[in-house]
Each structure stands twice: as C-alpha cells, then as structure tokens.
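Participant: Under UniProt numbering, read the sequence shown as residues 1 to 861, first letter to last. Ideal Cβ placement from N, Cα and C applies to all residues, glycine included. Before we start, here is the structure in question, set down as structure tokens.
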Amino acid sequence: MPDASPQTIYLKDYKPFGWIIDDVHLTFRLHPTATRVISRIRFRPDHDVHDRPFFLHGEDLKTISIRVDGHEPTIYEQSGGITVDVPDAPFNWEAEVEINPSANTALEGLYMSNGMYCTQCEAEGFRKITWYPDRPDVMAKFTVRIESDAEHTPVMLSNGNGLYYEQDSTKTPAPNVTIYQDPWPKPAYLFALVAGDLVAHEDSFTTVSGKEVHLAIWVRPGDEHKCAFGMEALKKSMKWDEDVYGREYDLDEFNIVAVDDFNMGAMENKGLNIFNSSCVLASPETSTDANFERIEAIIAHEYFHNWTGNRITCRDWFQLCLKEGLTVFRDQQFTDDMRSAPVARISNVLALRARQFPEDQGPLSHPVRPESFQEINNFYTATVYEKGSEVIGMLKTLVGDEAYAKALNLYFDRHDGDAATIEDWLKVFEDATGRDLSQFKRWYSQSGTPRVTVREEYAQDTLTLHISQRTAPTPGQETKEPQIIPIAVGLLNPNGDEVQETTVLELRDSEQSFSFPGHASRPVPSILRGFSAPVLLDQEIDADRRAFLLAHDTDPFNRWESGRMLARESLLSSVKEGSAPNAAYLDGLKLVLRDDTLDPAYRALMLGQPSQSELAGLLHDAGHVPAPEAIHAASEALRQAKADHLSDILPGLYADHQVEEPFSAEAGPAGQRALANAALDLLTRLDGGATAAMQYTRADNMTQQLAALGALLDADQGQEALTAFYDQWRDDRLVIDKWFSLQVLHAKPGDAADVARRLTNHMDFDWKNPNRFRALLGALQMHHAGFHHESGAAYELLADWLIRLDPVNPQTTARMSTAFQTWKRYDTKRQALIGAQLDRISKQPELSRDTTEMITRIRGV
Ligand code: ZN
C-alpha cells in the first residue's frame with residue numbers, strides 16, 4: 001500500500017479516459033472477511049479520444065478471474081491498477097474479486113463498522129472494491145445485487161431505487177437478496193452499499209410536481225429516538241431546494257444511514273447518503289444546540305449535492321470546489337433562511353478565520369482549485385470548502401441576485417449529466433451576464449489571503465477611500481496579481497444615522513480610490529460590511545471610532561466586528577505592553593448586552609473574544625513571536641475584566657434568558673441558551689461555580705448540562721460532576737466523545753498533555769474510531785496554551801498517536817497532523833520541539849502517502 005516515492009498528479013496533465021461505459025452490473029456476496037464482488041461492464045471506445053490505453057484502477061484486490069468477451073486477456077500490472085489488452089471495439093468486461101471488509105481499518109472502500117457493512121468511495125475508494133476506471137469523469141448507470149444472509153444483514157441498501165427483495169427464512173442461513181438500480185449515470189465515487197441490522201425512521205415527501213418520495217433514516221436498534229430532527233431537516237432541505245433553486249428530487253426513495261466509524265462528516269452517495277453518526281443522530285438529552293445546528297446544515301449539504309455534485313459532477317478532483325464550494329454556499333444560504341442570517345454569517349466568518357485563514361497563510365496554503373496533489377484526500381480542506389463558498393458569495397455580490405439565479409439555471413440546463421470544470425462554471429456566468437470574469441478567476445488560482453488596506457481622506461464635502469490590496473507569497477506562488485475584491489461600504493453621520501446605504505466597491509487594481517461627495521460633515525465609513533470578501537482588513541482607526549460603530553453600525557456583521565476589533569486590540573496590547581483591558585470595549589459591550597431589542601444569539605456572539613490561536617497568528621503577522629503563556633494570561637484577564645465590568649448585569653442576563661418551555665432546537669430558544677450560558681461562563685468567575693452547580697443539577701438537556709459542567713471545571717469544582725456525567729452516559733458514544741474533549745479543553749495549560757495522556761489509557765479510548773481519536777487528540781490541539789506548553793509534552797503525545805494511527809487510518813492521521821501547520825509562528829525552542837516530532841513522524845518506515853505529503857508540506861522542504 002505505501003508508495004516508496006509518492007507521485008504528484010497535475011491538473012495540466014488531465015486526459016480523458018477514452019472509453020464509455022453504458023451499464024455496470026455488480027453482485028456482492030457479502031462476507032465479513034471474504035466478500036466476493038462480481039462486475040459485468042459494457043465498455044465501448046470513445047472515438048473523440050485518440051490515445052485509449054485501457055487502464056483500470058484497483059487496490060488491495062484479490063483477483064479471482066477477469067474475462068474480456070469471455071476470454072482471459074493479457075494484463076499488465078502497474079502502480080495503482082492494471083492495463084489490459086482489449087479490442088478496439090465494444091466489449092464485455094467480467095471480473096470477480098475478493099475483498100476483506102473486516103481488515104479495512106482505513107474506512108475507505110467497503111468496510112465494517114460495528115458488524116455493519118458500509119462504503120466510503122469518495123474520493124478514490126471504489127478502486128478498493130473492484131477493478132474500475134475510478135475517476136469522476138466516467139459516469140455510468142449501476143445495477144447492484146447484494147447477497148447475504150438475513151440473520152446478520154436483514155437490511156441491504158444501495159443507490160437508486162429498490163427493485164427486488166427476497167428472503168427465504170425456511171433455510172439456514174436464510175438467504176437474502178436485494179437488487180437496487182440507479183437510473184442516473186454517476187461516477188464511481190458516488191457508489192454506496194450498506195448492509196446490517198438496521199431500523200428505519202420513515203417518512204415521505206411529495207415533490208413540487210406531485211411525486212411521492214419515500215424517506216428513511218437507518219440506524220442501529222436503540223438509536224431510533226435520535227432520528228426525528230434529522231428527518232425534519234431533510235424535508236426542509238427538499239422543500240428549500242425546490243423553492244429557492246427550482247431543484248426537485250429525482251428518485252423514488254432517499255435513504256440516510258448513520259455509521260459510527262467514518263472519517264469525515266457525511267457523504268452524498270446518490271439516493272443513499274452515509275453519515276457519521278455524530279452528524280445525524282440527535283436528541284435534546286444528548287445533543288447540544290450547536291450539534292443540532294450542525295446536523296441541520298450537514299443534512300442540507302448532502303441533500304443539495306444531489307444537484308450540485310451528483311447530477312453535475314466534477315471532471316477531475318482538481319475541480320472539487322465546483323461541487324463543494326457551491327454546496328457549502330447553498331447550505332449556508334439554507335441556514336440563513338432557517339435561522340438568523342446575521343448570526344449565521346458571523347459564525348461562518350469565525351469558522352473561516354479559525355480554520356481557513358491559518359491554512360491559507362501557512363505552509364499548507366493552496367488555491368481553491370489546486371494544481372497538483374499527491375493524495376486527493378488531503379485537499380478536502382477549509383480552503384476548498386469554505387473559501388470556495390466565499391468565492392461564490394463574492395460572485396453573487398458582483399453580478400447581483402437576479403443574474404446569479406439566471407446563471408444557476410443556465411448551469412443546470414447546460415451541464416446536467418456532465419462532469420464539469422471551473423471554466424464551465426465561470427462561462428455560465430459570463431454568458432448569463434456578459435461580464436468578463438478572467439480577473440475573477442484568480443480567486444480560484446491564487447492562494448493566500450489578500451490584505452486590504454484602507455486610508456481615508458476628507459476634503460471639500462467629499463470622503464475618499466484609498467484602498468490597496470496585497471497578497472503575501474505562498475508556497476509555489478512568489479508573486480500575486482491583484483484580484484477583484486467586492487468591498488461593501490456604508491456611511492454613517494456623526495449621530496449614527498446611515499447617510500450612504502451599503503454599496504459595493506469593486507477593487508480591481510493594486511490601489512484605487514473611491515469618492516463619496518456631498519457630505520457636509522465628515523461621515524464615518526463602515527467597510528467590508530457582511531464580510532463581503534475573505535480578506536484581512538487593515539484600517540488605522542482608533543478605539544473611539546470602533547466604539548462608535550459598535551454602538552451605531554446598521555450592518556449587523558460590522559457592528560459585531562467592531563466589538564471584535566476592540567477586543568482584539570485590547571488583547572494584543574495587553575500581550576505586547578501588559579496594558580489593562582480597554583475601557584471603551586468594556587463600556588460598549590455593556591451597552592450592547594443591555595439592548596433587549598437585539599437577538600440573544602447575536603448578543604451571545606458579542607460576548608465572545610478572539611481565540612488564543614487567532615491572537616498568536618496576528619502577533620506573528622505583526623512581526624512578533626507569540627508567547628502562548630502570555631496570550632493565555634491576557635485572554636483570561638480580559639474574561640475576568642468582562643466578568644467584573646458586567647457584574648451588575650450578568651445575573652439578570654442569566655435569569656432572563658432561561659428557557660422554561662419544553663426543549664426545542666429552534667434558533668429562538670437556542671439563542672436564549674447561548675446568551676445565558678455565555679453569561680454563566682463569566683458569572684462563574686464571580687461566584688466560584690455556585691450558579692453552574694445549580695444548573696448542572698437541574699439540566700434536562702445536553703446544552704445546559706455541558707455548559708454547566710464546563711463552567712464547574714473552570715472553577716475547579718467539576719470532578720464529582722464529571723464522574724456522574726460518565727456514569728450517566730457511559731453507553732452513549734457521542735456523549736462520551738464530549739466527555740473526553742471537555743476534560744482536555746478545560747485543563748490548565750500545564751496539565752493538558754497529562755490529562756490527555758491519562759485519558760488515552762481509559763478503557764473507552766477506542767482510538768481506531770475517528771470520532772473518539774479526534775475527541776481526545778483534537779481537543780488537545782484546540783487547547784492553544786496546553787498544546788504549545790513549553791514542555792513540548794503535547795507535541796510528543798500527539799506525534800506518538802499519529803505514528804500509531806497512520807498504518808491503521810492514514811486519512812485521519814494526515815488530517816490531524818495539521819495541528820503542526822502553524823509551527824513557524826513560534827519561538828526557536830518550540831520550533832525545535834515540533835521539528836523533532838515532524839522528523840520522527842517522517843522517518844517512520846512505511847508512512848502512508850497521505851501523511852507523508854502533509855508532513856512534507858508542513859515542514860516546507
Ligand atoms: Zn460536500
């Protein structure tokens with residue numbers, strides 16, 4: 001499996017396959033250690049392609065037989081597959097292979113999770129199932145026959161519509177046969193198969209044209225009560241895609257399956273979405289409001305892929321953002337409509353800054369459409385997904401809502417059934433609007449976060465904004481061309497009234513000036529409203545101006561952002577100069593929190609402050625060497641200052657936002673809980689945990705229980721509750737994941753590595769389960785001061801476990817190694833400590849291609 005010298009694949013080398021497939025027939029004879037897969041495929045030459053070597057992918061397959069038109073062909077083995085001598089004419093391919101799902105710990109291809117068979121084929125997992133041109137531009141219709149025994153796998157599912165089902169319980173073992181047929185051509189990465197002892201939560205949806213679709217969420221017996229919320233989210237998504245994008249569902253059934261062992265969040269397999277159980281199972285007792293919100297968004301995301309991803313797929317994996325950026329954009333629009341749009345926007349920007357910005361500004365920086373890779377699984381990144389979505393948001397801002405809708409309709413009309421490219425996507429917008437998008441395309445090809453600097457000038461009743469842009473060099477891209485950046489701007493007069501409503505400036509050049517005449521008194525600009533572009537904004541403005549905008553900005557994003565900037569500046573000067581927390585920030589915050597006309601969820605966001613890792617990034621950016629312990633101290637001091645300054649309003653905020661009604665995961669009550677729990681966090685610094693202890697005892701939902709437990713741990717009062725929590729939830733894996741995370745997240749910086757190490761010895765630390773591995777070691781990397789503690793103990797612990805996990809599950813190992821991506825920010829001692837761990841990992845014999853690529857890029861060799 002491991003490659004001695006991993007190959008680099010380039011976008012510029014793309015060549016079509018050269019063969020067309022009409023139909024694929026697959027038979028699976030399921031067996032835990034020896035599953036037989038029989039494929040019958042009709043191939044014909046693609047006469048548009050001159051060079052047609054017949055190459056099929058395949059990995060870890062035990063070939064039983066291969067026949068071309070009934071005869072044994074000549075086969076040439078190559079790395080990652082075989083080339084076969086075939087006639088230059090239509091022919092029938094037949095192959096039988098044996099695979100071992102039980103031995104498949106990488107969770108790619110066909111594998112077993114708690115006795116259940118399931119698949120994950122994106123990006124290149126189908127080649128572990130049978131010989132096949134495993135590339136997204138080869139689309140075919142699949143018919144799938146599954147054979148097993150009814151005792152172990154009473155339920156068997158594949159893509160499309162169920163055609164045939166037979167069980168004979170008079171025999172032992174009772175044979176069980178199911179046939180599924182998918183009428184829509186699809187690439188192999190959308191193939192799925194599930195078989196096991198599952199129960200369904202069922203429902204139905206009638207589409208806009210009156211077609212009834214049977215819906216089912218399949219789970220292990222015992223999880224039935226956790227399906228209702230996901231089902232509602234699915235129906236809302238189906239309706240929304242009809243209403244907003246005019247897209248109707250196209251099969252008779254839609255199945256979702258929850259799987260405990262899964263590398264990612266979920267997968268949009270045609271008609272058979274497979275979900276990490278953490279991304280679909282929900283109940284008030286076991287799931288937090290944040291879980292509910294995420295589940296709703298992921299269900300929508302995977303459902304929306306049916307049009308943006310499945311009906312129109314990607315020509316090659318370099319085009320991944322074509323489906324992912326657009327589908328994230330669509331799920332974000334959906335969340336805006338289901339919940340509060342300003343709150344959703346702020347949350348998205350927080351996530352972008354926390355995950356995408358460090359990636360874009362460090363050694364792993366890559367364009368939204370990368371131009372080369374060794375392992376495509378390493379490119380399911382925040383840049384491809386979240387920046388990919390931002391790029392679409394900018395496009396919509398630039399062309400306007402109407403033109404966006406027109407372009408999307410053209411996209412669906414023109415490319416339905418295609419494997420398309422970013423060029424196709426942009427061409428649709430050019431044709432629909434008459435606009436030249438060649439400069440806009442740089443958003444897809446240039447990596448790095450543009451830095452936008454604004455200087456103001458006011459003379460003769462005119463405010464002029466001098467705006468410039470610059471993007472720092474990134475790996476492989478020394479020089480950058482100016483990008484087109486939509487900058488939404490509004491103006492307020494000194495009383496706080498809006499005198500210029502939001503208008504979009506198009507920054508095209510390195511430097512440009514924009515004038516606003518006719519203002520007898522100097523207006524205050526509010527720049528980059530709604531975060532209209534994923535950039536860093538530099539504006540030399542003082543704390544009074546920020547406080548003015550915090551009090552008056554009519555744009556909810558920028559109002560929040562003003563508070564955020566005050567908090568940021570306060571923290572940075574306390575790290576650099578040891579200064580006390582900024583009074584303008586604390587006063588402004590109090591005014592906002594007191595304003596009952598503001599949405600509680602929005603006020604809860606106002607109470608947040610930049611993370612320690614964000615501060616480390618900002619300090620590094622400004623030419624300082626960040627000291628994690630100083631950043632930690634400054635953050636704690638600011639929290640304490642907020643608690644002290646707000647001490648008169650916190651009890652009221654807490655009490656007034658208790659939800660008395662029965663639990664609902666809707667935005668309204670969730671926002672109340674968010675504000676009350678943000679207040680609780682600060683109150684705990686004043687009352688030593690008394691309120692939290694009361695809340696813990698009374699809690700009847702996970703949001704309240706977990707917030708109280710976290711606060712108790714902060715107050716060093718949590719040990720008893722922690723034990724009680726474990727005893728209460730020991731049989732619920734998803735809750736026990738939280739139990740693992742919480743202890744690390746709330747540890748003192750000097751203890752975090754020890755706490756994590758101790759937990760790795762816990763009998764429930766099932767490290768081969770990606771959720772559990774991430775719950776513990778992901779929490780350690782999220783604890784900035786703990787992870788970067790000068791002892792280096794956390795670095796070593798993480799490296800130990802990455803080394804252990806790599807042979808078992810390369811994909812999750814590679815993903816978790818990104819914890820080290822920011823290592824060059826820190827002092828030479830820490831760099832040496834991390835460097836030693838990176839060396840140790842890279843020297844492992846047989847290190848996977850996934851991890852090799854990541855460590856090599858992180859080290860910057
Ligand atoms: Zn997706």
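1. Measure from the alpha carbon of MET231 to the alpha carbon of each residue in HIS201, PRO221, LYS406, then state which is nearest.
2. Could you spell out where the beta strand (DSSP E) holding residue 863 opens and where it closes?
3. From PRO523 to GLU293, what distance separates their C-alpha atoms?
4. In whole angstroms, give me the CA-to-CA distance for PRO342 and TYR303.
5. Within 10 Å of its beta-carbon, does ALA459 have 16 or more other beta-carbons around it, so buried, or fewer, so exposed?
6. Should TYR164 go down as buried or exposed, given a rule of 16 or more other Cβ atoms within 10 Å for buried?
7. The ligand HEM and GLU122: does the residue's C-beta get closer than 6 Å to at least one heavy atom of that ligand?
8. Report the start-end ranges of each alpha helix (DSSP H) in the segment 780-829 that is 4 residues or longer and not cut off at the edges.
9. Suppose contacts are defined by Cβ-Cβ distances below 7 Å. Is ALA604 in contact with ALA678 by that definition?
10. Quick one: is the Cβ of THR327 within less than 6 Å of any heavy atom of the ligand ZN?
11. Find out if the Cβ-Cβ distance for the pair THR703, ASP289 is shorter than 7 Å.
12. Kindly indicate which residue of GLU108, THR335, THR27, SER169 has the alpha-carbon position closest to the one of ALA667.
13. Could you tell me whether the Cβ atoms of PRO133 and LEU61 are closer together than 7 Å?
14. Could you check the C-alpha separation between ILE841 and GLN831 for me, to the nearest Å?
15. Give me, in chain order, the residues of the same chain whose beta-carbon lies closer than 6 Å to that of GLY109; leave out the 5 immediate sequence neighbours on both sides.
16. To the nearest whole angstrom, what separates the beta carbons of LYS490 and SER526, a pair I think is in contact under 8 Å?
17. Where does PRO2 sit, in a helix, a strand or coil, going by DSSP?
18. So LEU426 is in the alpha helix (DSSP H); what residue range does that whole segment cover?
19. What span of residues does the alpha helix (DSSP H) with GLU390 cover, start to end?
20. Touching or not, the segment 817-835 and the segment 269-279, by the rule of three or more beta carbon pairs under 8 Å?
21. Going by alpha carbons, who is nearest to ILE299 out of ALA233, LYS396, ILE541?
22. According to DSSP, which residues form a beta bridge with GLN609?
23. Can you tell which of ASP716, ALA106, ALA715, ALA708 has the C-alpha that lies nearest to the C-alpha of PHE725?
24. Tell me which residues share the same chain as ASP714 and place their Cβ nearer than 7 Å to its Cβ, disregarding the 5 neighbours each side in the sequence.
25. Starting from ARG67, trace the beta strand (DSSP E) in both directions and tell me its first and last residue.
26. Can you tell me whether GLU324 sits near the ligand ZN, meaning its C-beta is under 6 Å from at least one heavy atom of the ligand?
27. Does GLN831 come out as helix, strand or coil in the three-state DSSP assignment?
28. Mark ASP716 as exposed unless 16 or more other C-beta atoms lie within 10 angstroms of its C-beta, in which case mark it buried.
29. Could you tell me the alpha carbon to alpha carbon distance between VAL257 and THR206, rounded to whole angstroms?
30. Could you tell me how far apart the beta carbons of HIS784 and PRO600 are, in whole angstroms, since I believe they sit closer than 8 Å?
31. Among the residues of its own chain, which have a CB less than 7 Å from the CB of SER113, if the five just before and after it don't count?
32. Just to check my reading of the structure: VAL659 and ARG673 have Cβ atoms closer than 8 Å, yes? What is that Cβ distance to the nearest angstrom?
33. How is residue 894 classed by DSSP in three states: helix, strand or coil?
34. Please list the terminal residues of the continuous alpha helix (DSSP H) segment that includes ARG40.
35. Measuring straight from C-alpha to C-alpha, what distance separates PRO81 and GLY196?
Facilitator: Inspection of the coordinates gives the following:
1. HIS201
2. With the chain covering only 1 through 861, there is no way to say anything about residue 863.
3. 39 Å
4. 24 Å
5. exposed
6. exposed
7. No copy of the ligand HEM occurs in the structure displayed; its ligands are the ligand ZN alone.
8. 784-787, 793-805, 810-816
9. yes
10. yes
11. yes
12. THR335
13. no
14. 15 Å
15. GLY125, LYS128, ILE129
16. Correcting the residue type first, residue 490 is Gly in the shown sequence and not Lys. Confirmed, Cβ separation roughly 5 Å.
17. In this predicted model, PRO2 has a pLDDT of only 44, less than 50, meaning its place in the structure is not dependable; the value taken from the coordinates is given anyway. DSSP places PRO2 in coil when its eight states are reduced to three.
18. 422-433
19. 388-399
20. no
21. ALA233
22. Answer is none; GLN609 lacks a bridge partner.
23. ALA708
24. THR684, HIS746
25. 62-68
26. yes
27. helix
28. exposed
29. 21 Å
30. Wrong, their Cβ atoms sit about 28 Å apart, outside the cutoff.
31. VAL259, ASP260, ASP261
32. 6 Å
33. A question about residue 894 goes unanswered here, because the residues of the chain that appear run from 1 up to 861.
34. Not the alpha helix (DSSP H): ARG40 falls in the beta strand (DSSP E), residues 35-45.
35. It should be pointed out that residue 81 corresponds to Gly in this sequence rather than to Pro. Taking the straight line joining both Cα atoms gives about 30 Å.
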